[in-house]
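As C-alpha cells, the structure follows; a few thoughts come after it.
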C-alpha cells in the first residue's frame, strides 16, 4: 500500500477524508513505474554531466603544471576554483529553486555549464581558463543544489536511498568518464580539444535531462524574503543531526578529491613512470563507486543509515592503507576500495539529509553540498602542501586525519534518536 504524510485530522472535513487520502496516494513516484525510470535516468544523466565537467581536469594537472610552469598546488586550482564557486552558488541556487521550481533551475544549469566548458577550451591564458572554470562551477550549482531536493520531494520515502544511490552512480560514471576521456585523449590531442569533447557530451546529457525528467508534483513555492531564508538556515543548524551531516560531507569529499588530485603525480614519477594513458585508464576504479552508491543506498533503506555510514568510512580507511604500499597492484586495489567506500558513504549521508530536513529541504541540500564542494576546494588544494612536504606519505597522513574526523562524526550520528520514530 502506498503511503504519504496526510494532513492533521482537524484540517480535513470527515466527508472529504477519503478523497484526500486517495489524492495523497498518488503524490510519490513509486519504484518500478515508468515515472521512476524516467526520473532516475534523467538524474543519472545530470549527475554524469556534473561530475564529468568538474573532474575531467584532474588527469590534466601534471600536463598543465608543465605547460604553464606552475606547481601541483597551483595546478589544482583548475578544479578548486570550480568547486569553490559551486559551493558559493549553492547558497543562492537552492533558495532560488524553492521559489521558482526545481526542473527549470536544473535545466538552465546544465546547459550553461556545458557551454562554458566549450568556451574554456578556447581561452588563450591560464587566468582565462580559471575564469571559465569558475563560471562552470557557478552554473553547476543549479543542478547540484536541487537534484537531491527533487528526489526527496518526488520519490516515495521507502525508495529514496535507492534513487539517491542511482543519481550518485551517475556522478561516479561522470567522474570516471570525464577523467578517462581526457586522460586518454591528451596523450593524442591537445587538452583544448579534450575539453571541447567533454563539453559536447555534456550538451547531449543536458538535452536528455530536459526531455525526460518529470515535472515536479510536490513542489510548493517558498518566499525569497531574507527573513524566510534566515529562518530556514537557523532551523537546520538547530537540528541535532544536520550540522554533523554537513561536516561529514566536508571531510569525506576533501579526502576523496585529495587522493585523486595527487595520485597522478605519484604514478607518473618514480618508481612507476607510467604513461598518461595508463593513469587516465585508472579512472575505471569509479566502477566500484557506481555499484556501491546504489547497493549501499538500498542497504541503508533496509538497515538504517546509522548502521551503515560508519562501515563505509572504515572501508575508505582500508583502501587508503593499501595505497601506502609500493606495489602497483596494491595501490590500484586500494583505490578501488577507497572509491567504493566513498560513494557508499556519500549515498547514505546525502539521502539522510532529506529524511532529517522536515522543511526548507532545498536549503538543507544546499548546505550539505556547500560543505561537500567546500571540502573539495579547500582540502583538494591544501593537499598540495602535504605532497610537496612529504610526497605520498604526506598525502596519506592528511587524508587519514580527514577520515578520522569522518568516522567520529558517523559514530556520533549513530547515537542520535530517529525523528518521529522513523528509521534513518
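Residue numbers (the working numbering): 1 to 424. From the three backbone atoms N, C-alpha and C, an ideal C-beta is built for every residue, glycine too.
Taking a cut-off of 8 Å on C-beta distances, the segment 279-299 touches the segment 155-175, as three or more cross pairs fall below it. Distance between residue 329 and residue 371, taken at the CA atoms: about 33 Å. Taking 8 Å as the upper bound for CB-CB distance, residue 151 and residue 43 are in contact here, some 7 Å apart. In this structure, the straight-line span from the alpha carbon of residue 129 to that of residue 402 is close to 30 Å. Sorting 359, 331, 351 and 275 by C-alpha distance to the C-alpha of residue 161 places 351 at the top.
Contact between the segment 205-222 and the segment 330-339 is absent, with fewer than three C-beta pairs closer than 8 Å.
With a cutoff of 7 Å on beta-carbon distance, residue 276 and residue 187 are scored as near each other. For residue 333, the three-state secondary structure derived from DSSP is helix.
Judged by DSSP secondary structure, residue 312 falls within the alpha helix (DSSP H) whose first and last residues are 305-323. Annotation for residue 100: the continuous alpha helix (DSSP H) segment containing it runs 77-100.
Annotated as distal: residue 64 and residue 241, with beta-carbon spacing of 7 Å or more. The beta carbon of residue 366 lies closer than 8 Å to those of 90, 91, 93, 94, 95 and 145 in the same chain, with the five residues before and after it left out.
Take the alpha-carbon of residue 45 and the one of residue 111: they are about 12 Å apart.
In its chain, beyond the 5 residues on either side, 161 have a beta carbon closer than 6 Å to the beta carbon of residue 301. Nearest neighbour of residue 255 by Cα position, chosen from 281, 195, 193 and 341, turns out to be 341. A Cβ-Cβ contact shorter than 7 Å links residue 116 with residue 132. Nearest C-alpha to residue 312 among 62, 324, 323 and 289: 289.
Looking at 48, 108 and 83, the one whose alpha-carbon comes closest to that of residue 142 is 108. In this structure, residue 203 sits away from residue 280, with a CB-CB distance that is not shorter than 7 Å. The bridge partners DSSP lists for residue 155 are 29. Around the beta-carbon of residue 236, 16 or more other beta-carbon atoms lie within 10 Å, marking it buried.
At the C-beta level, residue 101 and residue 260 stay beyond 7 Å of one another. Counting along the chain, residue 248 sits inside the alpha helix (DSSP H) bounded by residues 242-268.
Residue 376 carries a helical assignment under DSSP once its states are collapsed to helix, strand and coil.
Note that the C-beta distance between residue 326 and residue 285 is not below 7 Å. Between the alpha carbons of residue 56 and residue 347 lies a distance of about 22 Å.
The DSSP-derived three-state label of residue 416 is coil. Secondary structure note for residue 211: its alpha helix (DSSP H) is the uninterrupted segment 191-212.
The residue among 157, 192 and 375 with its C-alpha nearest the C-alpha of residue 248 is 375. Our two residues, residue 82 and residue 394, have alpha carbons roughly 25 Å apart in a direct line.
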